[in-house]
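In what follows, a single structure is set out as structure tokens and then discussed.
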Amino acid sequence: MAMVLFRTILIIGLSFVILYPIIIKVSIAFKHKSDLYDPTVVFIPKNFTLENFQYVIETMNYFQTMLNSFVLSSGTMLLTTMSCALAGYGFARFKFKGRNVLFALVILTILVPPQTIMVPTYLQYRNFDILGVIALFNDGNGINLLGSYWPFLISSVTGMGLKAGLFIFIFRQFFKGFPREIEEAALVDGAGVIRTFYKIMLPNAVPAIITVMLFAFVWQWNDIFFTTMFLDNANVMSAKLQSVGSNIAHRLTAGDGAGSVDPSYLSMLVNTGVLLSMLPLIILYIFVQRHFVESVERTGVVG
5 MAMVLFRTIL
15 IIGLSFVILY
25 PIIIKVSIAF
35 KHKSDLYDPT
45 VVFIPKNFTL
55 ENFQYVIETM
65 NYFQTMLNSF
75 VLSSGTMLLT
85 TMSCALAGYG
95 FARFKFKGRN
105 VLFALVILTI
115 LVPPQTIMVP
125 TYLQYRNFDI
135 LGVIALFNDG
145 NGINLLGSYW
155 PFLISSVTGM
165 GLKAGLFIFI
175 FRQFFKGFPR
185 EIEEAALVDG
195 AGVIRTFYKI
205 MLPNAVPAII
215 TVMLFAFVWQ
225 WNDIFFTTMF
235 LDNANVMSAK
245 LQSVGSNIAH
255 RLTAGDGAGS
265 VDPSYLSMLV
275 NTGVLLSMLP
285 LIILYIFVQR
295 HFVESVERTG
305 VVG
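Just remember that this note's numbering sits 4 ahead of the position in the sequence shown, which is counted from 1.
This is the structure:
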């Protein structure tokens, strides 16, 4: 009994520590400006209001920004999952010369900071070409893909997207632990390599697929490094969040006609913007948390 009580208190305490920042953000977002200077207000506002949300939604152009972020994150998620699953299956099941060297390079992409290859990556998409083919039909020049979603899509479909090295490693470990007998039985029945992969291996890799898809979606949603490098005036959530403070401050000074802004009120509005940017991810996790926890557990056991 004492052990159960201790375990319950420990779990509640850890949960409170983890959830405390979100609780504070939710509390501040619903506060009225007058509650900021009321020392009796801690968690529960005296004057509930939705004005903060309305103000930030208008400033961030929230719904259009959320749609753009969802399209970009979903597209890269699907392409990254497919390309990394193929690469992971190849590393796990096929023996070819240089396999260990190539896999070591995959692991290296996890360890090397993206800033070290920022310049060549930028130039690659600034003057994009494929073995000189595009230059033959474009007066000796490549095409400029910056300012569009193409750099993200090309990187994802070629297995060089955000955190792709980690995803290839996850799939490789999963397929490596999959029983060979099932795969051999499919080959004996006349299924080729590609059909075996899509009909046998991929349906059984659902835990790894869910893990990779969720990680890919969330990391792309929160990415600011590649987003600002590839997109000019990026109208996506991570970029908007970087400038939300200055945009709100500019709008407040323009609206009030004053030269300064109340820093506490500005902080409250920025906090509301952060909460709105987190909201789609929180809703996503609420719906898929059971599958996500199971998939992470099964992936870890198999790996």
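Where a beta carbon is used, it is the ideal one built from N, C-alpha and C, also for glycine.
Under DSSP, F132 takes part in a beta bridge, and its partners are I147.
For the pair M241 and S281, the CB atoms are nearer than the 8 Å cut-off. When rounded, the separation of the alpha-carbon atoms in D193 and Y202 is 15 Å.
Our two residues, I16 and K167, have alpha carbons roughly 33 Å apart in a direct line.
If you draw a straight line from the Cα of V105 to the Cα of N131, it is about 29 Å long. Between L18 and Y24, the alpha-carbon positions lie close to 10 Å from each other. Separation of W223 and R103 (C-alpha to C-alpha, rounded to the nearest whole angstrom) is 28 Å. Look at F34 here: in three-state DSSP terms it is coil, with no helix or strand label. The alpha helix (DSSP H) runs of length 4 or more contained entirely in the region 162-237 are, from start to end of the chain, 168-180, 184-192, 197-200, 210-226 and 229-234. According to the DSSP assignment, Q68 belongs to the alpha helix (DSSP H) that extends over Y66 to R97. By the CB criterion at 8 Å, L245 and K29 fall outside the cutoff. Short of 7 Å from the beta carbon of L149, and not among the five residues preceding or following it, lie these beta carbons of its own chain, in chain order: Y129, F132 and P155. For the pair A238 and V21, the Cα-to-Cα distance works out to about 34 Å.
Across the structure, A96 and K50 are spaced so that their CA atoms are roughly 59 Å apart.
Remark: three or more beta-carbon pairs, one from each stretch, lie closer than 8 Å, so the region 202-216 and the region 166-186 are flagged as touching. In this structure, S31 sits away from S87, with a CB-CB distance that is not shorter than 8 Å.
In its chain, beyond the 5 residues on either side, T257 have a beta carbon closer than 8 Å to the beta carbon of S264. Taken in chain order, the unbroken stretches of alpha helix (DSSP H) that lie wholly in the region 101-127 and span 4 residues or more are 103-115. The DSSP-derived three-state label of F141 is coil. Taking L270 as the centre and dropping the five residues before and after it, the same chain places the C-beta of G249, I252, A253 and L256 closer than 8 Å to its C-beta, in chain order.
One thing to note: L218 has its Cβ no nearer than 8 Å to the Cβ of F291. A distance of 8 Å or more separates the beta carbons of I186 and G92. By the Cβ neighbour-count rule, A220 is buried, with 16 or more other Cβ atoms within 10 Å of its own. Only residues of its own chain outside the window of five on either side were considered, and among them F132 and I138 have a CB closer than 7 Å to the CB of I147, listed in chain order. Cβ atoms of V216 and T85 come within 8 Å of each other, at about 5 Å.
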